[in-house]
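> Going by our numbering, the letters in the sequence shown line up with residues 14 to 126, in that order. Backbone N, C-alpha and C define an ideal beta-carbon position, used for all residues, glycine too. It should be emphasised that the depicted structure is a prediction, and the values quoted were computed from it without experimental measurement. Below is one structure. I have some questions about it.
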Amino acid sequence: MGLKPKPHTDSTVRAQPLGHLFIHFPIVQRRFPGDGMYATRWVDETNPELVRTEWEANWFAAAFLMPEAVFRNIFEISQGSIELTSIQFGVSAKAASIRAKTLGLSPGTDQPF
């Protein structure tokens, strides 16, 4: 029996490769015309270049799924509720929490951060 991803996790998983496509693929094409890119299942944490590209793709996914102005507005309306904000954007609470933190926002007093 296969595992079914949760929809809020699935959106993040699908948006992250777009970051590689839009940020990294053009660089690869300029450096190595005609070559493609391939995805690995895991990032080699000892390779700073790969770690950096993964961070950039994750940053892209967060900005794509949770645009800053809209995120700030929803976060404020929900009184800093990570749960309500994550539901509104269709992402995990962890993704919404990280986005809030990177934007310098503090969750409501009843919210874990």
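Count the other CB atoms, across all protein chains shown, that sit within 10 Å of the CB of Leu78; report buried if there are 16 or more and exposed otherwise.
It is buried - the Cβ of Leu78 has at least 16 other Cβ atoms within 10 Å.
> Taking Cβ to Cβ, would you say Ile95 is nearer than 9 Å to Ala75?
Going by C-beta atoms, Ile95 is not nearer than 9 Å to Ala75.
> Distance check for Ser24 and Val104, CA to CA, integer angstroms please.
Taking the straight line from one Cα to the other gives about 7 Å.
> Ordered along the chain, which non-local residues of its own chain (more than five positions away) have a Cβ less than 7 Å from that of Ile90?
None.
> Helix, strand or coil, according to DSSP, for Leu78 in the structure here?
The answer is helix: DSSP assigns Leu78 an H, G or I state.
> Return the residue from the list His33, Ser119, Pro80 and Lys107 that minimises the CA-CA distance to Thr66.
Here the closest residue by C-alpha is His33.
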